[in-house]
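Enquirer: Dropping the structure in here first, questions after.
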Amino acid sequence: MRRPKYNDDYDADTEADSEDVLHLRGRKRISIENTASDISDEYSHLQNMKSEVNGILGIRDHDASRIKSYLREEKEIQKKIDLRSRETYQDYVIDVYKAFKQQ
Numbered sequence: 242m243r244r245p246k247y248n249d250d251y252d253a254d255t256e257a258d259s260e261d262v263l264h265l266r267g268r269k270r271i272s273i274e275n276t277a278s279d280i281s282d283e284y285s286h287l288q289n290m291k292s293e294v295n296g297i298l299g300i301r302d303h304d305a306s307r308i309k310s311y312l313r314e315e316k317e318i319q320k321k322i323d324l325r326s327r328e329t330y331q332d333y334v335i336d337v338y339k340a341f342k343q344q
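In the working numbering, the protein residues as written are 242 to 344.
Have a look at this one:
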């Protein structure tokens, strides 16, 4: 950093202070970039896991979106029906999946 031409109040430590500030800003920027990178990596990992699960179940991506919408419709219907007759939530999901496959 160059010394100002007409500043009598120039402090010799100003240059060092400004370098410290730049260093801290750089560390903060790197931290934010690393966090964004970590989030991106985690999102990619989750997308890969989703693809693997769908592959195991034999569900294609467009079928997965159809299942989601079907589940939303089922949820609306089930609000009107008493779920106490079902023993477990797992049985409910299996029933929904079977109903979807019958379509």
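For each residue, glycine too, the CB sits at the ideal point set by N, CA and C.
Keep in mind that this is a model prediction, so the values were computed, not measured.
Rounded to whole angstroms, what is the Cα-Cα separation between ASN275 and ASP282?
Expert: The count along the sequence shown starts at 1 and reaches residue 275 at position 34. The count along the sequence shown starts at 1 and reaches residue 282 at position 41. Their Cα atoms are separated by approximately 10 angstroms.
Enquirer: Could you tell me the alpha carbon to alpha carbon distance between VAL334 and GLU315, rounded to whole angstroms?
Expert: Against the sequence shown, residue 334 aligns to sequence position 93. Against the sequence shown, residue 315 aligns to sequence position 74. One C-alpha to the other measures close to 10 angstroms.
Enquirer: Assuming the contact rule is C-beta atoms closer than 8 angstroms, LEU312 and VAL337 should be a hit. Round their C-beta distance to whole Å, please.
Expert: Within the sequence shown, residue 312 is the residue found at index 71, counting from 1. Within the sequence shown, residue 337 is the residue found at index 96, counting from 1. LEU312 to VAL337, Cβ: 6 angstroms. Contact.
Enquirer: Could you say which of MET290, GLN319 and ILE308 lies nearest to LYS339 if we only look at CA atoms?
Expert: For the purposes of this step, residue 339 is identified with residue 98 of the sequence shown, where counting begins at 1. Selected option, being the one with the closest Cα: ILE308.
Enquirer: Helix, strand or coil for GLY296, going by three-state DSSP, please let me know.
Expert: Sequence index remark: in the sequence shown, residue 296 carries index 55 (1-based). Note: GLY296 maps to helix in three-state DSSP.
Enquirer: Whole angstroms is fine: what's the gap from LYS291's alpha carbon to TYR330's?
Expert: On the sequence shown, position 50 is the one that residue 291 refers to. On the sequence shown, position 89 is the one that residue 330 refers to. Computed Cα separation, rounded: 21 angstroms.
Enquirer: Can you tell which of ALA305, ILE318 and GLN288 has the C-alpha that lies nearest to the C-alpha of LYS342?
Expert: As a working mapping, residue 342 is identified with position 101 in the sequence shown. Nearest of ALA305, ILE318 and GLN288 to LYS342, Cα basis: ALA305.
Enquirer: Would you tell me roughly how many angstroms separate the C-alpha atoms of SER285 and LYS320, rounded to the nearest one?
Expert: Taking the sequence shown and counting its residues from 1, the one referred to as residue 285 is at position 44. Taking the sequence shown and counting its residues from 1, the one referred to as residue 320 is at position 79. Distance between the alpha carbons of SER285 and LYS320: 34 angstroms.
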